[in-house]
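Below is one structure; the comments refer to it alone.
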Amino acid sequence: MSRARVRKPDELRRSRRTRSHSCWGHLILAPLWAQHGANLGTLLRTCDAVGACIAVPPHDWVPEALRRGNTVPGRSCVHRTGNPRRWLEREHEKGSHIVGVELAEGAIRLADLEPARRRTVVVLGHERTGIPDEYLDLLDDVVEIPMIGRGASLNVAVAGSLVAYKLAGLV
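Its first residue numbered 617, the sequence shown is counted upward by one per residue in the numbering used here.
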């Protein structure tokens with residue numbers, strides 16, 4: 617019988633990066649219509665864990681929301697989008713692969729999602745209403761997180777984290 621050995625905090629610290637990563641420009645999580653500000657800081661912690669950046673809309677409450685939920689010391693890679701449509705259009709022009717997380721017909725199941733091979737932007741919508749219809753034409757692909765429970769959606773931090781780990785090739 618195998619026994620798991622729990623690694624101690626100082627052992628974990630030695631095995632991880634000692635400082636914040638700079639912008640690698642490979643994976644960007646974009647919660648452009650997040651409902652609850654506290655989820656943004658939690659999603660920012662996931663970005664640190666998988667080596668991704670976060671792109672946030674220009675709302676006054678966003679900086680405080682990022683600080684409140686983020687417990688990772690040091691600077692994080694945060695992109696400011698300005699107008700979300702123009703930002704996504706510019707990402708297309710740069711050749712980014714834009715993936716929306718949405719319950720949609722023809723969507724890729726999370727389990728079938730391949731790791732990102734080029735700059736990828738993950739668009740996350742509002743927790744109740746999703747990605748606005750007028751932005752769906754900007755998505756190259758849609759990924760769906762299957763759910764068997766009664767809930768209609770996951771919060772933006774959980775949904776974004778699941779997709780980020782998959783796209784980063786860590787699960």
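Built from N, CA and C at the ideal position, the CB exists for glycine as well. The model shown is predicted, which means the values in this text are computed figures rather than measured ones.
The residue from V694, A681 and G746 with its alpha-carbon nearest to that of V759 is G746. Put simply, the stretch 641 to 657 touches the stretch 679 to 689. At least three CB pairs are less than 8 Å apart.
CA-to-CA, the gap between L648 and S618 works out to about 45 Å.
When the five nearest sequence neighbours on each side are left out, the beta carbons in the same chain lying within less than 7 Å of the beta carbon of L778 are those of L726 and I761, in order along the chain. Cβ neighbours of I644 within its own chain (closer than 6 Å, five residues either side excluded): C669, A671 and V737.
In the DSSP assignment, G641 is bridged to no other residue. With contacts defined as CB atoms closer than 9 Å, G685 and A732 fail to qualify as a contacting pair. At least 9 Å separates the beta-carbon of E730 from that of L770. Look at G685 here: in three-state DSSP terms it is helix. About 7 Å separates the beta carbon of L754 from that of E705, a gap short enough to meet the 8 Å contact definition. For the options I714, R623 and G722, the alpha carbon positioned closest to that of A780 is the one of I714.
In the DSSP annotation of this structure, the continuous segment of the beta strand (DSSP E) that includes R696 starts and ends at V694 to R696. The straight-line gap separating the alpha-carbon atoms of G776 and G716 is approximately 10 Å. A check of alpha carbon separations from A773 across A646, E709 and D728 identifies A646 as the nearest. Closest in C-alpha terms to P673, from the list G690, R691, R696 and V787, comes R696.
The Cβ atoms of A650 and L740 lie closer than 9 Å to each other. In terms of Cβ geometry, D664 and V694 do not form a close pair [threshold 9 Å].
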